[in-house]
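Asks:
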Amino acid sequence: MWFKNTSELTILNLLYLQMKNKLKTEESNITTKTEFVLLWFSDIPNLQWILFGMFLVISLSILMSNSIIILITRIDSSLQTPKYFFLSNFSFLEICYVILGAIPRLLMDLLTQKGSISFLACATQMCFVLMLGVTECLLLAAMAYDRYVAICDPLHYPLVMNHKVCVQLVTASWISGVPAVIGQTCQIFSLPFCGSNRINHFFCDIPPVLKLACGDTFVNEIPVYVAAVVFIMVPLLLIVVSYGKIISNILKLSSASGRAKAFSTCSSHLIVVVLFDGTATMTYLQPKPNQSERLGKLISLFYTVLTPTLNPIVYTLRNKDIMVALRKLFGY
């Protein structure tokens, strides 16, 4: 290539160096990021200490109330049944939500006024929250099956829901989603991240993290939708079918008191299903462009904080057996 003078060559060299430096900068933005920044509730900065106190009280109440439920189901002989075996495991799951889920990191960030979180910590948090969420969906389905057998086939209930079967159902609930969750987390965090590293959320959830990934993430969103269908919609469908048959059997009962007792027994479980599965479905099955960040945080609060808080209240206040066991425990 011919140049009229050395100034043209100098200009071209400068342009080349600028483009080279720009490419290096973009590469470093993608490869050298070692942390995210969680913005939690930064749009309401004046309420951070109030939020810290509120979430601290909530977490302590979850730990205490669920621990009491586990205790009374272990020591009260009248509660040594499959129904309360599942309930005690459900309470243990809610305790795990407080210890391993979004709340500990949220409390620490609100206390220190810092939201930085390493890639590894972010991936670990996402993995634990997803694992616990999958376990809850499957455990709720197992509890619905228990109620179905108890009401629709009471004569064979002790045989069908023996201790071995109950243990197998609980174990399957805990471990079935582990490979899928680990694989999905690894896939998401193997993506290149460019631009901002600020997550407009209070924990590392899939939708807000995927928004920071470079390029089109549609291929990466497909496994998220598939997993949501398998671990949220399929158990929910089984619950709906089970309760359809349960309600049909209840309506056939001649005794009004018997119908009321059966409905009361099932209503607590249905309330929890609606709260948890409903909000989880809205989070993971809603198309990405339609997801509002503020609404996403609010919905996530339901299944990570509010549901574990309400579950002990729902299961105790609406359950006469547990209320009697509580009076025995506290000497009333």
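Numbering (this note's numbering), first residue to last: 1 to 332.
Beta carbons: idealized from backbone N, C-alpha and C, even for Gly.
Alpha carbon to alpha carbon, how far is Leu140 from Val274?
Replies: If you take the alpha carbons of Leu140 and Val274, they lie about 11 Å apart.
Asks: Where are the beta strand (DSSP E) runs, 3 residues long or more, that stay fully inside the region 75 to 127, in chain order?
Replies: Qualifying beta strand (DSSP E) stretches, in chain order: 116 to 118.
Asks: Just the C-alpha distance for Arg74 and Pro158, rounded to the nearest angstrom, thanks.
Replies: Approximately 19 Å between the Cα atoms of the pair.
Asks: Quick one: residues in its chain with C-beta nearer than 6 Å to the C-beta of Lys22, no 5 flanking neighbours on either side, listed in chain order?
Replies: In this prediction, Lys22 has a pLDDT of 48, which is less than 50 and means its spatial position is unreliable; what the coordinates show is noted afterwards. If we look at Lys22 and ignore the five residues flanking it on each side, it has no Cβ neighbours.
Asks: Identify every residue that forms a DSSP beta bridge with Ala325.
Replies: Answer is none; Ala325 lacks a bridge partner.
Asks: Could you check if His269 is buried or exposed, using at least 16 other CB atoms within 10 Å of its CB as the buried criterion?
Replies: With 16 or more Cβ atoms within 10 Å of its Cβ, His269 is classed as buried.
Asks: Considering only the beta carbon of each residue, do Leu79 and Tyr315 sit closer than 8 Å?
Replies: The answer is no: Cβ separation not under 8 Å.
Asks: Does the beta-carbon distance from Leu63 to Val98 come in below 8 Å?
Replies: Contact: yes.
Asks: Please determine, among Ser67, Leu237, Val37, the residue with the shortest C-alpha to C-alpha distance to Ser118.
Replies: That would be Val37, whose Cα lies nearest to the Cα of Ser118.
Asks: Taking Cβ to Cβ, would you say Phe193 is nearer than 8 Å to Ala213?
Replies: In contact: Phe193 and Ala213 (Cβ atoms closer than 8 Å).
Asks: Using the three-state DSSP reduction, which class does Phe202 fall into: helix, strand or coil?
Replies: Phe202 falls in the coil class under three-state DSSP.
Asks: Quick check on the DSSP output: what are the complete alpha helix (DSSP H) runs of length 4 or more inside the region 212 to 283, in order along the chain?
Replies: With a minimum length of 4 residues, the continuous alpha helix (DSSP H) runs that stay inside the region 212 to 283 are 218 to 228, 234 to 251.
Asks: Looking at the structure shown, is Thr285 part of a helix, part of a strand, or coil, going by DSSP?
Replies: Reading the sequence as shown, one finds Leu at residue 285 and not Thr. Reduced to three states, the DSSP call for Leu285 is coil.
Asks: When DSSP labels each residue in this structure, what does Leu155 get in the three-state scheme?
Replies: Three-state result, Leu155: helix.
Asks: For the candidate residues Val160, Gly296, Thr307, whose alpha-carbon lies nearest to that of Leu132?
Replies: Of Val160, Gly296, Thr307, the residue nearest in Cα terms is Thr307.
Asks: How long is the line joining the alpha carbons of Glu94 and Gly101, rounded to whole angstroms?
Replies: So the two alpha carbons sit approximately 10 Å from each other.
Asks: Please classify Ser242: is it buried, with 16 or more other beta-carbons within 10 angstroms of its beta-carbon, or exposed?
Replies: Answer is buried; the Cβ neighbour count reaches 16.
Asks: Can you grab the Cα-Cα spacing for the pair Met323 / Pro312, in whole Å?
Replies: Taking the straight line joining both Cα atoms gives about 12 Å.
Asks: What would DSSP say about Leu38, mapped onto helix, strand or coil?
Replies: The answer is strand: DSSP assigns Leu38 an E or B state.
Asks: Let's see if you can read the secondary structure: which residues bound the alpha helix (DSSP H) around Cys333?
Replies: Residue 333 falls outside the range modelled here, since the chain spans only 1 to 332, and no answer is possible.
Asks: When the Cα atoms are used, what is the spatial distance from Arg294 to Trp174?
Replies: So the alpha carbons of these two residues sit roughly 31 Å apart.
Asks: Do the region 298 to 305 and the region 200 to 209 touch if we need at least three Cβ pairs shorter than 8 Å?
Replies: Yes: the two stretches touch, three or more of their Cβ pairs being nearer than 8 Å.
Asks: Let me know if Phe218 comes out buried or exposed under the rule of 16 or more other beta-carbons within 10 Å of its beta-carbon.
Replies: Per the 10 Å Cβ criterion, exposed.
Asks: Using 8 Å as the threshold, is the C-beta distance between Val305 and Ile58 below it?
Replies: Cβ distance < 8 Å, so Val305 and Ile58 count as in contact.
Asks: Using DSSP with H/G/I as helix, E/B as strand and the rest coil, what is Phe330?
Replies: Phe330: coil per DSSP, three-state reduction.
Asks: Pro308 by DSSP, collapsed to three states: which one?
Replies: Pro308 falls in the helix class under three-state DSSP.
Asks: Is it buried or exposed for Asp146, if we count other Cβ within 10 angstroms and need 16 for buried?
Replies: That one is buried.
Asks: To the nearest angstrom, report how far apart Ala123 and Ser248 are at their CA atoms.
Replies: About 45 Å.
Asks: Is the CB-CB distance between Ile151 and Ile246 below 8 Å?
Replies: Contact flag set, yes.
Asks: Using CA atoms only, rank isn't needed, just tell me which of Ile182, Asn46, Val240, Lys83 is closest to Ala227.
Replies: Out of Ile182, Asn46, Val240, Lys83, Ile182 has the C-alpha closest to the C-alpha of Ala227.
Asks: Buried or exposed, going by whether 16 or more other CB atoms sit within 10 Å of the CB of Lys167?
Replies: The amino acid occupying residue 167 in the given sequence is Val; Lys does not appear at that position. Exposed, because fewer than 16 other Cβ atoms sit within 10 Å of the Cβ of Val167.
Asks: According to DSSP, is His163 part of a helix, a strand, or is it coil?
Replies: Note: His163 maps to helix in three-state DSSP.
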